[in-house]
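Undergrad: Before anything else, here's the structure in question.
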Amino acid sequence: MHNYHLDHLQYLETEAIHVMREVAAEFERPALLFSGGKDSICLLRLAEKAFRPSDIPMPLLNIDTGHHFPELNQFRDHRAGQLGVKLIIRTVESAIANGTAVPAPGEVSRNRLQIPTLLTAIEEFRFDCCIGGARRDEEKARAKERFFSFRDSFGQWDPKNQRPEIWNLYNARLNPGENMRVFPLSNWTEMDVWEYIRKEELEVPGIYFSHPRKCVRRHGQWLPVNDLVPPKPGEQVQDLVVRVRTIGDIISTGCIESPARTVDDIIAEIAAARVTERGSRADDKTSEAAMEDRKRAGYF
Amino acid sequence: MPVPIQHPVDILRLNTCGSVDDGKSTLIGRLLYDSRSLMEDQIEALERSADLTGGGRIDLSTLTDGLRAEREQGITIDVAYRYFATPRRRFIIADTPGHVQYTRNMVTGASAANLAIVLVDARQGVTEQSRRHTCIASLLRIPHLIIAVNKMDLVDWSEERFIEIRDEFEGFLPRLDVKDVQFIPLSALTGDNVVEPSNHTPWYPGPTLLGHLESVHIGSDWNLNGLRFPVQWVNRPNRPTDPELHDFRGFSGQIAGGIVRVGQKVMALPSGQVSTVKQIWTYDGPLQEAFCPQSITLMLEHDIDISRGDMIIGPDNLPGASADLRARVCWMHSRPLQRGRKYLLRHTTRTVQAVIADIEDRIDMATLEPVPDPAEMALNDIGEVRLRTSGPLVFDGYSTNRLTGSFILIEPGTNATVGAGMLFPPTEVVKPEYSDFAI
């Protein structure tokens, strides 16, 4: 007996596969942004579901800020190798060296500097579309994003002038130099991502699970102590059992104290959580409009 | 303590619409706040911005008015999506602005919705905007409608005023095609009848807003009669050395209607070639049958020429095929729609050229009556249009199937999406040339 009904994960999956195939069919030179984080891990599985038994018809692209968690980069390389997909890495380091990215005096964060690095990579490979793992539930400016997000020839997002997106009919047409960012996980929540990881038995980097780490308390969060984040005078280094909930740069990603050692534990923890995912990212706390400003400038 | 989420099984997509100051954003903020879908840091950010700008009062609308321009002007300028879950259901809210010049966003937000909430200010009553939003909800065939009469606290919870507004709606609802309507008196600001029942409305026996959202029967929105499979991408691994993949040729896509089964006869349109389904391939293994809206890869017995934009159909409930089309069009661009203009028309996975043969009428939003033979259609106008396309479309009436009955118009050059169309049912269906295809 069949009831012709999709549960919420099946619904989100078929929606995302449809979007992925639109990209393959409508664009000449698409790329898939893969960081090794949990959202882009789901994207890769969806790409397998959309395109197998053929090869995934686009390379993976990662902008390495030089401030990544080493565990994340290891996982990124390992997973790309497993799938046999070409992985293109462009670093903020070399963008600074050749002058395409210029840090402001005293600017430590690589967050802003990712933007020119990404835009230069898009030009270098003449990518006309980048698939990203952003979700609308992450943040207020993201909540206004379309599945197919048009960027002008400067890579800019104009929230007042977005293309209406109606039914499942996506307008993918571009003029030369313009670019599309496509977000198949638009309708997914953090909970959906973890439930999908559980259902598909996807491997994730170990730092998502609880592990011992030396941390300092700064700006109301636990920052991992490392070469880039040395303890400041007066700060006390503590040995904690933590995990990361969302992975940004190592200098701005807060750890949360957690005993969650399995995907099931994480799902139970999120169900009871009282802080949103991006709450542990210092880069969004700067101002109310932080994300909007970065997106206008061409951020993911 | 929040109630842990117990694997909700279905998703309800809803759309909120109302005029400026009807309190949409506050209502959504209230839904999220009272259903405990807000997190500590969101509440903290609320309080922070309240301290800075709001004289200490928490403003729930700042939860959804995300863009700087919106906070400056105190309005919502684009569709914002919100997600929340209760133990019974998961919800995707498309919050769409009521601004006259942004009505196109309502069509964007509402096209996929199961349910629409039209907000009315109890003091203002029915406005042209409320008519417009109700009319669009009906044209888009959103199955369920809630008329939320907001700011009841400002009319002293008057039952009389509530009934007055309900009667005004009921005066024009029969002219629209709306099947299920629920009127709810509430106050987003105070929270009465949003999540918790109100003490102020003993005369209202009905459900709270959330109560109704959790219990309304959404059944299946998808059409399961008559297979429609628009081919999205041809899957050819092209690996001559691999014996298993050597001959693999699949057609990938999302089923837009009906059910497909292994062994059944199918026809590819517009070519009219007939074959049999050999395999339904998925990454998770082959299926015996698949249904709308699953994404699959079909393999056929015969090597027939099929490419993106073609439609694979089954032998029952045949679609129409024509280059002469009639549709209701919602115009979304400041450059008006005029007779003789040419656009690109995107329907399922197919893009063709289209010329506007005629504009039959334009709906007057004040009366909801059609005005015949308008000179043109301006931004936010809705009207009946005749089009001629460069090749025949394989389609259904929008009332039968939203996915095969809808299209968008794209302006060549700027590539702007300028219109959304809902097709009238075909006057005649496809005539299969092969006698063994028809039953």
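As you go down the protein sequences, you meet chains A and B in turn.
For the first sequence, numbering that gives the first Met the number 0 gives the first residue as 0, with consecutive numbering after it.
For the second sequence, numbering that gives the first Met the number 0 gives the first residue as 0, with consecutive numbering after it.
Don't be surprised by glycine CBs; every beta carbon is placed ideally from N, CA and C.
Every value quoted in this text rests on a predicted model; they were computed, and no experiment measured them.
Do you know offhand how far A:L31's Cα is from A:R78's?
TA: Here residue 31 of chain A is taken as the residue at index 32 of the first sequence, counted from 1. Here residue 78 of chain A is taken as the residue at index 79 of the first sequence, counted from 1. One C-alpha to the other measures close to 14 Å.
Undergrad: Can at least three beta-carbon pairs, one atom from the segment 135 to 152 of chain A and one from the segment 46 to 56 of chain A, be found at a separation below 8 Å?
TA: Contact between the segment 135 to 152 of chain A and the segment 46 to 56 of chain A is absent, because fewer than three Cβ pairs lie under 8 Å.
Undergrad: Identify, in the order they occur along the chain, each residue of the same chain with its Cβ nearer than 6 Å to the Cβ of B:T133, setting aside the five sequence neighbours on each side.
TA: Taking the first residue of the second sequence as position 1, residue 133 of chain B is located at position 134. If we look at B:T133 and ignore the five residues flanking it on each side, its Cβ neighbours are V117.
Undergrad: Could you give the distance in angstroms between the alpha-carbon of A:Q155 and the alpha-carbon of B:T107?
TA: The residue you call residue 155 of chain A lines up with position 156 of the first sequence. The residue you call residue 107 of chain B lines up with position 108 of the second sequence. Approximately 22 Å between the Cα atoms of the pair.
Undergrad: Residues in the same chain with beta-carbon distance under 7 Å from A:P175, minus the five sequence neighbours each way, listed in chain order, please.
TA: Within the first sequence, the letter at position 176 stands for residue 175 of chain A. Hits under 7 Å: none found.
Undergrad: Taking the straight line between their C-alpha atoms, what separation do you get for B:D120 and B:G22?
TA: Sequence index remark: in the second sequence, residue 120 of chain B carries index 121 (1-based). Sequence index remark: in the second sequence, residue 22 of chain B carries index 23 (1-based). Approximately 8 Å, taken between the alpha carbons.
Undergrad: Which chain B residues are close to A:P52, counting only those with a beta carbon under 7 Å from its beta carbon?
TA: By 1-based counting over the first sequence, the position of residue 52 of chain A is 53. Neighbours of A:P52 on chain B, chain order: P236, L244, F247.
Undergrad: Is A:I242 close to chain B? Criterion is C-beta to C-beta, closer than 8 Å.
TA: Sequence index remark: in the first sequence, residue 242 of chain A carries index 243 (1-based). It should be noted that the sequence gives Arg, not Ile, for residue 242 of chain A. It does not: the Cβ of A:R242 has no partner Cβ on chain B nearer than 8 Å.
Undergrad: In whole angstroms, what separates the C-alpha of A:L117 from that of A:R180?
TA: For this step, residue 117 of chain A is matched to residue 118 along the first sequence. For this step, residue 180 of chain A is matched to residue 181 along the first sequence. Straight-line Cα distance between these residues: approximately 12 Å.
Undergrad: With 8 Å as the limit, tell me which residues of the segment 311 to 340 of chain B have their beta carbon closer than that to any beta carbon of chain A; keep them in chain order.
TA: Hits within the stretch, in order: M331.
Undergrad: Cβ closer than 8 Å: which chain B residues qualify as neighbours of A:H302?
TA: Any answer about residue 302 of chain A is impossible in this case: the structure gives chain A only from 0 up to 299.
Undergrad: Thinking C-alpha only, which one of A:L227, A:L201, A:P183, A:R109 is nearest A:G132?
TA: Reading the first sequence from its first residue, position 133 is the one you call residue 132 of chain A. Residue A:P183 is the option with its Cα nearest to A:G132.
Undergrad: Is there contact between the segment 146 to 157 of chain B and the segment 190 to 209 of chain B, where contact requires at least three CB pairs shorter than 8 Å?
TA: Taking 8 Å as the limit for Cβ pairs, the verdict is that the segment 190 to 209 of chain B does touch the segment 146 to 157 of chain B.
Undergrad: Tell me the DSSP secondary structure of A:H210 in three-state form.
TA: Sequence index remark: in the first sequence, residue 210 of chain A carries index 211 (1-based). Strand at A:H210.
Undergrad: I'd like to know if the segment 209 to 226 of chain A and the segment 234 to 250 of chain A are in contact, where contact means that at least 3 CB-CB pairs between them fall below 8 Å.
TA: The answer is yes - the segment 234 to 250 of chain A touches the segment 209 to 226 of chain A, with three or more Cβ pairs under 8 Å.
Undergrad: Would you kindly work out how many angstroms separate the C-alpha atoms of A:T188 and B:G382, rounded to a whole number?
TA: The residue labelled residue 188 of chain A in the question sits at position 189 within the first sequence. The residue labelled residue 382 of chain B in the question sits at position 383 within the second sequence. Between A:T188 and B:G382, the C-alpha separation is close to 37 Å.
Undergrad: With 16 other CB atoms within 10 Å as the buried threshold, where does A:P158 fall?
TA: Here residue 158 of chain A is taken as the residue at index 159 of the first sequence, counted from 1. It counts as buried.
Undergrad: DSSP three-state call for A:L173: helix, strand or coil?
TA: Here residue 173 of chain A refers to the residue found at position 174 when the first sequence is read from its first residue. Here A:L173 sits in coil by DSSP.
Undergrad: Tell me, please, which residues DSSP counts as bridged to A:N160.
TA: Here residue 160 of chain A is taken as the residue at index 161 of the first sequence, counted from 1. Bridge partners of A:N160: none, in fact.
Undergrad: What whole-angstrom Cβ distance do B:E213 and B:R81 have, given they're in contact under 8 Å?
TA: Indexing the second sequence from 1 puts residue 213 of chain B at position 214. Indexing the second sequence from 1 puts residue 81 of chain B at position 82. In fact, because the Cβ distance is near 16 Å, the residues do not count as touching under 8 Å.
Undergrad: What residues of chain A sit near B:Y342, judged by a beta carbon separation below 9 Å?
TA: Counting from 1 along the second sequence, the entry for residue 342 of chain B is found at position 343. The premise fails here: B:Y342 is roughly 12 Å from chain A at the closest Cβ pair, so nothing lies under 9 Å.
Undergrad: Nearest chain B C-beta to A:Q161 closer than 8 Å, yes or no?
TA: Sequence index remark: in the first sequence, residue 161 of chain A carries index 162 (1-based). True, the Cβ-Cβ gap to chain B drops below 8 Å.
Undergrad: Would you mind working out which of A:N97, A:L112, A:A96 sits nearest A:A103, comparing C-alpha positions?
TA: Translated into positions along the first sequence, residue 103 of chain A becomes position 104. Among A:N97, A:L112, A:A96, the Cα nearest to that of A:A103 belongs to A:L112.
Undergrad: Quick one: Cα of A:F124 to Cα of B:R12, how far?
TA: Along the first sequence, read from residue 1 onward, the residue named residue 124 of chain A stands at position 125. Along the second sequence, read from residue 1 onward, the residue named residue 12 of chain B stands at position 13. Their Cα atoms are separated by approximately 38 Å.
Undergrad: Cβ closer than 9 Å: which chain B residues qualify as neighbours of A:Y207?
TA: Here the question's residue 207 of chain A lines up with position 208 in the first sequence. Going along chain B, no residue has its Cβ under 9 Å from A:Y207, so there is no contact; the nearest lies around 19 Å.
Undergrad: Pair every Cβ in the segment 375 to 389 of chain B with every Cβ in the segment 225 to 235 of chain B, then say whether three or more of these pairs are closer than 8 Å.
TA: No: fewer than three Cβ pairs fall under 8 Å.
Undergrad: Give the C-beta separation of A:L222 and A:G253 to the nearest angstrom, bearing in mind that I take them to be a contact with Cβ-Cβ under 8 Å.
TA: As a first step, residue 222 of chain A is located in the first sequence; it is residue number 223 there, counting from the start. As a first step, residue 253 of chain A is located in the first sequence; it is residue number 254 there, counting from the start. That belief holds up - the Cβ atoms of A:L222 and A:G253 are roughly 6 Å apart, short of 8 Å.
Undergrad: Are B:F171 and B:R130 close, meaning C-beta to C-beta below 8 Å?
TA: As a position in the second sequence, residue 171 of chain B is number 172, starting the count at 1. As a position in the second sequence, residue 130 of chain B is number 131, starting the count at 1. It is a contact, given that the beta carbons lie within the stated cut-off.
Undergrad: Name the two residues that bound the continuous alpha helix (DSSP H) containing B:Q287.
TA: For the purposes of this step, residue 287 of chain B is taken as the residue at position 288 of the second sequence. Neither: B:Q287 is in no alpha helix (DSSP H) and is coded neither H nor E.
Undergrad: Within 8 Å (strictly less), CB to CB, does B:F290 reach chain A?
TA: Against the second sequence, residue 290 of chain B aligns to sequence position 291. Closer than 8 Å: yes.
Undergrad: Comparing the C-beta of B:S405 with each C-beta of chain A, is any distance below 8 Å?
TA: Here residue 405 of chain B corresponds to residue number 406 of the second sequence, with the count starting at 1. Yes - at least one Cβ of chain A is within 8 Å of the one on B:S405.
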